[in-house]
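Below is one structure, written out as structure tokens; comments come after it.
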Amino acid sequence: MKALQALTERRTIRLFQQRPVADADLATVINAARVTSCASNLQPLRYIAIRTQPLVDQVLAETAWAALVAPKRTPVPGKTAPAAFIAVIAPADAKPITYADAGAAIQSMQTAAWTLGLGCCWIGSLKRENLQKLLNLTPEKQTLFLLAIGYPAEQPVSEDVAGDASIAYYLDDANRLHVPKIRLEDLVDWR
């Protein structure tokens, strides 16, 4: 699969098949983050591959999912939960640019995962204090984001909309998630 194809076809996945993801595939995904550009090449980010039970379910309990379509897109342990999480870890005193580094790394991981047939959900709505304890992080470290990962059990679709249209994602009558994306011509001011 070509990179541009993966970037345009990839959708956020919130419902997952109940099958494990190989450690080699998780390593491939994390390696994509490792080689991603970062400010001044400081490489402040670290990663925790969370793939064992009951830790996966414990981490899941510290997250919030898809407020616009909850509870239909809130994963259920043992039924629709991700197989793993990748925690994106940074220094507790991370500079603002570290969040940009994390965004670039997560986009790389999502794209790499998609090429392997895996789906992801980038999660920023976390109970960070609880995760600090669950992941045994020292006070010098913090969880910036989580990336839920597993084999997709849904097929969301994107649809192009005008710049003034609603961009709220929604479920149709068949329970398929639709994700409006503003058209390119409404996003770019060519000069």
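Just so we're on the same page, this note's numbering is the position in the sequence shown counted from 1, plus 79. Beta carbons: idealized from backbone N, C-alpha and C, even for Gly. Treat the numbers as computed from the prediction; the structure is a model and nothing was measured.
Would you decide whether residue i is buried or exposed? Buried here means 16 or more other CB atoms lie within 10 Å of its CB.
i: Y249; result: exposed
i: V187; result: It is Ser, not Val, that sits at residue 187 in the sequence shown. By the neighbour-count rule (16 or more Cβ atoms within 10 Å), S187 is buried.
i: P150; result: exposed
i: E141; result: buried
i: I176; result: exposed
i: G196; result: exposed
Can you give me the Cβ contacts of residue i inside the same chain, cut-off strictly under 7 Å, excluding the 5 residues immediately before and after it?
i: P170; result: P123, E219, K220
i: I261; result: V240, G242, I246
When you compare the CB positions of residue i and residue j, do they come within less than 9 Å of one another, or not?
i: Q97; j: P231; result: no
i: A191; j: A241; result: no
i: P235; j: R90; result: yes
i: E264; j: W193; result: no
i: A143; j: S237; result: no
i: P154; j: A227; result: yes
Keeping to the same chain, check which residues put their C-beta closer than 6 Å to that of residue i; ignore five residues upstream and five downstream.
i: Y126; result: I109, I165
i: P156; result: D136
Looking only at its own chain, which residues have a Cβ that is under 8 Å from the Cβ of residue i, when we skip the five neighbours before and after it?
i: L86; result: T190
message = Under 8 Å: do the segment 203-215 and the segment 250-268 share three or more Cβ pairs, one atom per stretch?
response = no
key: Whole beta strand (DSSP E) elements within the segment 197-269, 3-residue minimum   = Those beta strand (DSSP E) runs which fall completely within the segment 197-269 and span 3+ residues are 198-202, 220-229, 236-240, 256-261.
query = Which runs of the beta strand (DSSP E) spanning at least 3 residues fall entirely within the segment 105-137, listed in chain order?
reply = 125-129
Meets three-Cβ-pair contact criterion under 8 Å: the segment 102-112 and the segment 162-176 = yes
Segment contact flag, the segment 173-187 with the segment 111-119, C-beta cutoff 8 Å, min 3 pairs = They touch, by the three-pair rule.
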